Every structure is written in C-alpha cells, then in structure tokens.
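Sequence positions in the sequence shown follow our numbering and run 3 to 174.
Note that CB positions come from ideal geometry on N, CA and C, so glycine has one too.
Note that this is a predicted model, so its numbers are computed, not measured.
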Amino acid sequence: MIEFILNGKLVQTDDEPDTPLLWVIRDTFKLTGSKFGCGIAQCGACTMHIDGGAQQTCILPIAAVAGKTVTTIEGLGTPDRLHPLQQAWVEQGVPQCGYCQSGQIMSAASLLTDNPNPNEAQLEAAMERNICRCGCYPRIKQAILSVAEQTQSGAVQMAIPVAPETPEGIQS
Numbered sequence: 003m004i005e006f007i008l009n010g011k012l013v014q015t016d017d018e019p020d021t022p023l024l025w026v027i028r029d030t031f032k033l034t035g036s037k038f039g040c041g042i043a044q045c046g047a048c049t050m051h052i053d054g055g056a057q058q059t060c061i062l063p064i065a066a067v068a069g070k071t072v073t074t075i076e077g078l079g080t081p082d083r084l085h086p087l088q089q090a091w092v093e094q095g096v097p098q099c100g101y102c103q104s105g106q107i108m109s110a111a112s113l114l115t116d117n118p119n120p121n122e123a124q125l126e127a128a129m130e131r132n133i134c135r136c137g138c139y140p141r142i143k144q145a146i147l148s149v150a151e152q153t154q155s156g157a158v159q160m161a162i163p164v165a166p167e168t169p170e171g172i173q174s
C-alpha cells in the first residue's frame, strides 16, 4: 500500500509500485485533468507538482511519491476560486484545443512560486518541456507575465497548495 497526499488529502493505493503516477491519478483517483501526451516525459501534458515542484508524471512510478505531496490541476484552484494562472488563462483566451494546458499551468505555477519575477530566459527555461501543438506560446507567455506583474504589484499571491496538518480523509 502506497500513501501520499493528493490535493490536500491523505490517500492510499494498492496499484503496482512501478505504475506511472499519471495512470494512478487518472484511473484510480479519477482525476483526468492531467493528460497523457508522449509517455517519455518530453511534452509536459502530464505535469503535476511533487512536493511543490513541477514534474512530468507519465514515467514517474507511484512508489516515488510515497509520503510526498502531489498536486494536480484539480488541486490548484477550484471552480469558485481559480488559481491566478487559471484566471489569466481564461481572461486572455490562452488555449485552443486545451490538451496541454493543465501541464502548462502547472509548470507556470511552479515557476512563479519559485521566482515571482522571471526574466525572459527564466520563463523560457521553465516552460521548455511543455509542448503546445496549437501554437499558443505567445498567449501562454503573456498570461504568465501578467500574473508575474500582478504578483509584483501585490494584486495576487502565488502559492502552491500544501497539505493540511490533518488530512481530510483516506481514499483508495
């Protein structure tokens, strides 16, 4: 049995330890916002936060997150209270097909939490493992920079959700 914190809740799974985290999240926990794109951790569609850092999860075995905190796109914000990046994505009409967008947002959230005022090179480096075949890069970049600007002015705060001290429950 593998235990970890998923979007603020202590969870357990009896999936095989070498099963990729992406499939456990999608198939066992029915959270389908993170997507399968390439299966070799090169496109970024499967990006989630592991202990606050962006990581591709299509090849990461579930055993690697035992005792850690995993945040998916579903745990970043809520329909009633979007994360600042999710709000910027909506306001600026970033996605076309939307397939890669959860991974893009997760990478951007990790970047802005670590570095609320990235320069062009830092933004490019943080986002280089996220591929968008629709060519939304200019809008993605603009949305990230607009949230960085809002962060600098104090209009929004960037924080990756952390696990509560008392988990809300155990799921399997």
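The C-beta distance from L33 to T74 rounds to 5 Å, short enough to meet the 8 Å contact threshold.
Under DSSP, the beta-bridge partners assigned to I7 are L12 and T71.
The segment 129–143 and the segment 95–106 touch, with three or more beta-carbon pairs separated by less than 8 Å. According to DSSP, M50 shares a beta bridge with Q57.
When C-alpha distances from I42 are compared across I61, T15, Q124 and A150, the shortest belongs to I61. Using a Cβ-Cβ distance cut-off of 8 Å, the segment 141–150 and the segment 48–64 are not in contact, since fewer than three pairs of beta carbons, one from each stretch, lie closer than that value. The C-alpha of G77 lies about 21 Å from the C-alpha of G95. M108 sits buried, since 16 or more C-beta atoms from the chains shown fall within 10 Å of its C-beta. Counting every other CB atom within 10 Å of its CB across the protein chains shown gives Q58 a total of 16 or more, marking it as buried. Sequence-distant partners of Q154 (beyond 5 residues in either direction) whose C-beta falls short of 8 Å from its own C-beta, in its chain, are P118 and N119. Exclusion of the five residues before and after P63 leaves P19, D20, T21, P22 and L23 as the residues of its chain whose Cβ lies within less than 8 Å of its Cβ. With a contact defined as Cβ atoms closer than 8 Å, P86 and V26 miss out at about 28 Å. For P19, the three-state secondary structure derived from DSSP is coil. P81 carries a coil assignment under DSSP once its states are collapsed to helix, strand and coil. V67 is the residue among G105, V67, A150 and S112 whose C-alpha sits nearest the C-alpha of F6.
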